[in-house]
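*Asks:*
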Amino acid sequence: MDKTHIFTDKIETKVDLIKCAAGMDSKIIDFLVETGSKGIVIEALGRGNVPPKMISGIKNAIEKEVIVVIVSRCFRGRVLDTYGYEGGGKMLKDMGAVFGDSLPGQKARIKLMLALGKTSDKLEIKRIFEGYNYKNTNYNKNYTNNIRYVLTYISKYDNIILKTKY
């Protein structure tokens, strides 16, 4: 059973969740970027594909340093960079979107809130989401005394447990 732990003393609350549907455009994404969103989770179609009209908004968000995480809106879906057409997962991956594997949207949002509370480094956030064996090796026992929130992600069961340390 693989686990990812995110040790942080902050939760970034400016993280939004969008459910994708056929024919959508980028106006919701553009609005979220303009109003200060730090992260956007998109529940995409199938294996992680979006309508072509959403691409400009996703590209704009990524260019403005907003983390965009792609998950599937399917009940047991997993995102992959399989399709290379406009709006396909390969295009999103190449643009810099982060893939949330098989996490449902609401759990990916919580995970992104904690990841952004820990760091704004896109590469580290990408490792948190896409690297199953990601381990935080840069913390010490003094730091762990100040931890308020710990995220445990058990990939086998897609469970997230939010623990609060008092």
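Here the sequence shown is numbered in this note's numbering, starting from 35 and rising by one per residue. Every residue gets a Cβ at the ideal spot worked out from N, C-alpha and C, and that includes glycine.
(1) For the segment 47-73, which segments carrying the beta strand (DSSP E) assignment without a break, of at least 3 residues, lie completely within its bounds, in sequence order?
(2) Can you grab the Cα-Cα spacing for the pair CYS54 / LEU150, in whole Å?
(3) Can you check the segment 93-134 for any alpha helix (DSSP H) of at least 4 residues that lies completely inside it and give the ranges in chain order?
(4) So what's LEU137 in DSSP terms, helix, strand or just coil?
(5) Assuming ARG107 and ALA78 are in contact, meaning their beta carbons sit under 8 angstroms apart, how far apart are those beta carbons, in whole angstroms?
(6) Among residues of its own chain, excluding the 5 on either side of GLU164, which ones have a beta-carbon nearer than 8 angstroms to its beta-carbon?
(7) Would you please state the rounded distance, in angstroms, between the beta carbons of ILE101 and LYS124? I believe it to be under 8 angstroms.
(8) What does DSSP give as the partner residues of ALA142 in its beta bridges?
(9) Rounding to the nearest angstrom, what Cα-Cα distance links ASP50 and LYS145 in this structure?
(10) Looking at the strands, I want to know which residues DSSP matches up with THR153.
(11) Considering only their Cβ atoms, is the gap separating LEU137 from ASN83 smaller than 9 angstroms?
(12) Under 9 angstroms between the Cβ atoms of LYS156 and GLU99?
(13) Is it buried or exposed, GLY91, if we count other Cβ atoms within 10 angstroms and call 16 or more buried?
(14) Can you name, in chain order, every residue of its own chain whose Cβ lies under 8 angstroms from the Cβ of ARG81, other than the five neighbours on each side?
*Replies:* Answer, in terms of the structure:
(1) Counting only runs of 3 or more, we get 49-53.
(2) Approximately 23 angstroms, taken between the alpha carbons.
(3) Taking only runs of at least 4 residues, the alpha helix (DSSP H) segments lying wholly in the segment 93-134 are 123-129.
(4) Here LEU137 sits in coil by DSSP.
(5) Cβ-Cβ separation between ARG107 and ALA78: approximately 7 angstroms, consistent with a contact (criterion under 8 angstroms).
(6) By the criterion of a C-beta distance shorter than 8 angstroms, GLU164 is surrounded in its chain by VAL132, PHE133, ASP135, once the five residues flanking it on both sides are discounted.
(7) At roughly 19 angstroms, the Cβ-Cβ gap does not stay under 8 angstroms, so ILE101 and LYS124 are not in contact.
(8) The partner list for ALA142 (beta bridge, DSSP) is empty, contrary to what the question assumes.
(9) Rounded to whole angstroms, the separation of the alpha carbons of LYS145 and ASP50 is 12 angstroms.
(10) BP columns for THR153 are empty, so no partner.
(11) Contact annotation: ASN83 and LEU137 have beta-carbon atoms that are not nearer than 9 angstroms.
(12) Contact flag set, yes.
(13) Buried.
(14) Taken in chain order, the residues that qualify are SER106, GLY111, ARG112, VAL113, LEU114, THR116, TYR117, GLY123.
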